[in-house]
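Worksheet: one structure, shown below.
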Amino acid sequence: MGDSQYSFSLTTFSPSGKLVQIEHALTAVGSGQTSLGIKAANGVVIATEKKLPSILVDETSVQKIQTLTPNIGVVYSGMGPDSRVLVRKSRKQAEQYYRLYKEPIPVTQLVRETATVMQEFTQSGGVRPFGVSLLVAGFDDKGPQLYQVDPSGSYFSWKASAMGKNVSNAKTFLEKRYTDDMELDDAVHTAILTLKEGFEGQISSKNIEIGVIGSNKIFKVLTPSEIEDYLQEVE
Amino acid sequence: MSKIAESVPPKGGFSFDLCKRNEMLVQKGLKQPSFLKTGTTIVGLVFKDGVILGADTRATEGPIVADKNCEKIHYMAPNIYCCGAGTAADTEAVTDMVSSQLKLHRFHTGRDSRVVTALTLLKSHLFSYQGHVSAALVLGGVDVTGPHLHTIYPHGSTDTLPFATMGSGSLAAMAVFESKYREGLSRDEGVTLVAEAICSGIFNDLGSGSNVDICVITKGEKEYLRNYMLPNPRTYVSEKGYSFSKKTEVLLTKITPLRELVEVIEGGDAMEE
Chain R
1 MGDSQYSFSL
11 TTFSPSGKLV
21 QIEHALTAVG
31 SGQTSLGIKA
41 ANGVVIATEK
51 KLPSILVDET
61 SVQKIQTLTP
71 NIGVVYSGMG
81 PDSRVLVRKS
91 RKQAEQYYRL
101 YKEPIPVTQL
111 VRETATVMQE
121 FTQSGGVRPF
131 GVSLLVAGFD
141 DKGPQLYQVD
151 PSGSYFSWKA
161 SAMGKNVSNA
171 KTFLEKRYTD
181 DMELDDAVHT
191 AILTLKEGFE
201 GQISSKNIEI
211 GVIGSNKIFK
221 VLTPSEIEDY
231 LQEVE
Chain F
1 MSKIAESVPP
11 KGGFSFDLCK
21 RNEMLVQKGL
31 KQPSFLKTGT
41 TIVGLVFKDG
51 VILGADTRAT
61 EGPIVADKNC
71 EKIHYMAPNI
81 YCCGAGTAAD
91 TEAVTDMVSS
101 QLKLHRFHTG
111 RDSRVVTALT
121 LLKSHLFSYQ
131 GHVSAALVLG
141 GVDVTGPHLH
151 TIYPHGSTDT
161 LPFATMGSGS
171 LAAMAVFESK
181 YREGLSRDEG
191 VTLVAEAICS
201 GIFNDLGSGS
211 NVDICVITKG
221 EKEYLRNYML
231 PNPRTYVSEK
241 GYSFSKKTEV
251 LLTKITPLRE
261 LVEVIEGGDA
271 MEE
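Chains as they are written, first to last, in full-length UniProt numbering: chain R, 1 to 235; chain F, 1 to 273.
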């Protein structure tokens with residue numbers, strides 16, 4: 001990697017000033033499964049569809065929502081294998097930060113470092129941009145935070161956001177339903193309802209995944225039975 | 001100029017150039033500076049429900065006690081702890097590094113760390129530095145396969161034992177273990193035996209002293225008993241306080257304020273020249 005034969009970037013500007021590869025990466029994200037996140041007053045919730053290619057796939061072996069540090073979790077829309085690479089790098093960066101400063105990494109710092117990695121892959125030789133957008137949910141001294149990171153490496157803090165297939169409907173739904181003083185449980189209900197909006201087929205605890213972080217600052221992926229409880233409250 | 005995307009690992013391991021220079025200087029007659037050693041008694045034993053680790057708390061720099069209450073039992077994982085003897089910086093750095101690696105490994109696998117994993121990471125690191133990282137460790141923990149206790153030597157060799165001692169006080173501590181250890185000890189018996197072994201090191205070895213630290217690890221639980229025993233309290237503190245002879249003036253009454261409190265008035269007239 002990075003030998004002389006590959007030391008030219010594959011991501012180059014078009015005459016209109018756009019980086020076409022990044023646009024294509026965003027298209028890849030847009031055709032991925034819907035995922036969303038909502039920041040409540042006392043926590044953050046992230047959720048995603050978990051549509052498996054066949055009923056024969058063991059759904060317990062698939063986990064889309066991952067923990068980066070005990071108080072930061074992440075979900076993606078787009079290409080799963082690309083997200084795995086980013087998760088691995090982010091975990092390592094969080095650990096290196098801790099080794100250097102003996103302080104758990106703040107959410108903004110981790111997001112910034114992940115975004116830097118994603119940007120590097122748009123400018124380096126012989127590589128392509130990542131085909132994922134990430135939603136990073138964390139709770140640190142500055143309170144609950146939700147960030148979205150795009151394949152270009154840009155990141156934004158959101159009160160609520162969605163990505164993937166059903167993004168425009170989901171965002172409209174969230175705009176209507178979001179309130180600043182929402183509690184974490186309400187946010188989970190709203191997340192489920194938003195997923196339900198564009199869901200093909202019957203929503204159940206087996207084909208969605210939800211991750212929450214509350215004021216205890218511990219990121220947790222909900223078990224299928226906990227999701228079942230929330231689903232019943234919503235119905 | 002595009003930069004390399006993946007980071008290339010540095011070629012070859014440690015560079016021994018400076019070691020050669022140091023040897024040459026010693027031959028020329030230069031006295032090498034001494035480093036902070038932990039001259040130590042560290043012990044571990046396996047009991048009925050798990051593992052107990054013990055250590056003294058004296059850190060020495062040659063003949064001087066540099067730290068009277070240092071921590072020699074290092075955290076590796078929620079279920080694994082490691083006592084370190086040798087150069088304090090080396091034991092700290094190597095246990096910190098492996099603890100970090102274990103944490104990442106736990107994230108990737110979603111499972112609790114195993115003692116043999118910590119063991120292998122430590123011994124590979126120490127071996128690759130050919131004994132120049134002067135860390136002698138007693139590693140103990142409880143994982144899914146049961147309780148484990150290992151010793152690791154600075155050159156990278158390891159032993160698996162039911163009871164172990166390391167450091168300058170190891171002979172004193174081992175004498176206690178050899179006479180009193182038996183299998184299937186209860187928690188209290190184990191803690192008493194470990195404390196006795198460490199005390200033996202504290203009182204009979206110059207490089208060990210001060211207090212006893214103990215860590216009890218069982219399945220799903222750990223107890224870090226910092227300063228479990230303080231057999232060396234500072235006994236001769238004068239209770240009367242200090243009294244000065246009458247000629248000494250106690251400065252407190254001699255302090256005169258330099259200036260009265262000044263009030264700042266905003267927007268007043270400028271001072272006239």
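Yeah, the Cβ is synthetic: ideal placement off N, Cα and C, and Gly gets one too.
Only counting the same chain, and skipping five residues up and downstream in sequence, which positions put a Cβ closer than 8 Å to that of residue i?
i, result
"R/Gly198", "Thr34, Lys165, Asn166, Asn169, Ala170"
"F/Asp96", "His74"
"R/Leu174", "Leu36, Ile38, Ala160, Ser161, Ala162, Thr190, Thr194"
"R/Glu59", "Lys50, Leu52, Lys206, Asn207"
"F/Glu92", "His74, Gly84"
"F/Ile124", "Residue 124 of chain F is actually Ser in this sequence, not Ile. Result list for F/Ser124: Gly156, in chain order."
"F/Asp112", "Ala77, Pro78, Asn79, Arg106, Asp143, Val144"
"F/Ala118", "Met76, Ala77, Ile80, Cys82, Val98, Leu102, Leu139, Gly141"
Have a look at the DSSP bridge pairing and note the partners of residue i.
i, result
"F/Thr218", "F/Gly50, F/Glu221"
"F/Thr151", "F/Val138, F/Asp159"
"R/Val212", "R/Val45, R/Lys220"
"R/Leu146", "R/Ala137"
"F/His74", "F/Cys82"
"F/Glu61", "F/Ile64"
"F/Thr165", "F/Val43"
"R/Ser157", "R/Tyr147"
"R/Ile38", "R/Val45, R/Ala160"
"R/Phe13", "R/Leu19"
"R/Ala187", "Bridge partners of R/Ala187: none, in fact."
"F/Ala55", "F/Ile42, F/Asp213"
"F/Met229", "F/Val212"
"F/Gly146", "F/Asp143"
"R/Gly198", "Answer is none; R/Gly198 lacks a bridge partner."
"R/Gly125", "R/Ser9"
"R/Val132", "R/Gly78"
Are there 16 or more other CB atoms within 10 angstroms of the CB of residue i, so buried, or fewer, so exposed?
i, result
"F/Glu183", "exposed"
"R/Asp141", "exposed"
"R/Met118", "buried"
"F/Arg21", "exposed"
"F/Met174", "buried"
"R/Thr12", "exposed"
"R/Leu100", "exposed"
"R/Gln93", "buried"
"F/Val262", "exposed"
"F/Gly140", "buried"
"F/Cys199", "buried"
"F/Cys19", "exposed"
"F/Pro222", "Sequence inspection shows Lys at residue 222 of chain F; the Pro mentioned does not correspond to that position. By the neighbour-count rule (16 or more Cβ atoms within 10 Å), F/Lys222 is buried."
"R/Ser54", "exposed"
"F/Leu30", "exposed"
"F/Asp213", "buried"
"R/Asn216", "exposed"
"F/Asn230", "In the sequence on display, residue 230 of chain F carries Leu and not Asn. By the neighbour-count rule (16 or more Cβ atoms within 10 Å), F/Leu230 is not buried but exposed."
"F/Thr109", "exposed"
"R/Gln66", "buried"
"F/Leu149", "buried"
"R/Glu95", "buried"
Looking only at its own chain, which residues have a Cβ that is under 7 Å from the Cβ of residue i, when we skip the five neighbours before and after it?
i, result
"R/Lys196", "Ile203"
"R/Tyr98", "Pro104, Ile105"
"R/Asp229", "none"
"R/Thr131", "The sequence given here has Gly at residue 131 of chain R, not Thr. Around R/Gly131: Ala25, Ala28, Val29, Gly78, Met79, Asp82, Pro151."
Quick one: what's got a C-beta closer than 6 Å to residue i's C-beta in the same chain, skipping five residues either side?
i, result
"F/Gly167", "Thr40, Thr41, Ile42, Ala85"
"F/Arg114", "Asp143"
"R/Leu222", "Ile210"
"R/Gln145", "Val107, Gly138"
"F/Cys215", "Leu53, Ile73, Tyr81, Tyr224"
"R/Phe156", "Gln148"
"R/Ser152", "Ile22"
"F/Lys3", "For F/Lys3, the predicted model reports a pLDDT of 49, less than 50, meaning its position is unreliable and no value from the coordinates is stated."
"F/Leu137", "Cys82, Gly84, Ile152"
Residue i CB to nearest chain A CB: under 9 Å?
i, result
"R/Arg88", "Of the chains in the structure shown, none is chain A; the protein chains are R and F."
Next item on the list: For the region 42-112 of chain R, list the alpha helix (DSSP H) runs that are entirely contained and at least 4 residues long, ordered along the chain.
Entry: Assignment of alpha helix (DSSP H) within the region 42-112 of chain R, counting only whole runs of 4 or more residues, yields 80-101 in chain order.
Next item on the list: Report the residues of the region 63-78 of chain R with a CB closer than 9 Å to any CB of chain F, ordered along the chain.
Entry: Against chain F - using a Cβ distance shorter than 9 Å - the residues of the region 63-78 of chain R are Gln63, Gln66, Thr67, Leu68, Thr69.
Item checked: Under 8 Å (Cβ pairs) to chain R, residues found in the region 192-221 of chain F -> Answer set for the region 192-221 of chain F: empty.
Checklist line | Contacting positions in the region 99-124 of chain F - beta carbon closer than 8 Å to chain R | finding: Here the close residues are Ser100, Lys103, Leu104, Phe107, His108.
Margin query: By the 7 Å beta-carbon criterion, what residues does the region 91-109 of chain R contribute toward chain F?
Written below: Identification of residues in the region 91-109 of chain R having a C-beta nearer than 7 Å to some C-beta of chain F yields Arg91, Lys92, Glu95, Arg99, given in sequence order.
Check: Listed in chain order, which residues of the region 53-75 of chain F have Cβ atoms closer than 9 Å to some Cβ of chain R?
Finding: Result list empty, no residue passes.
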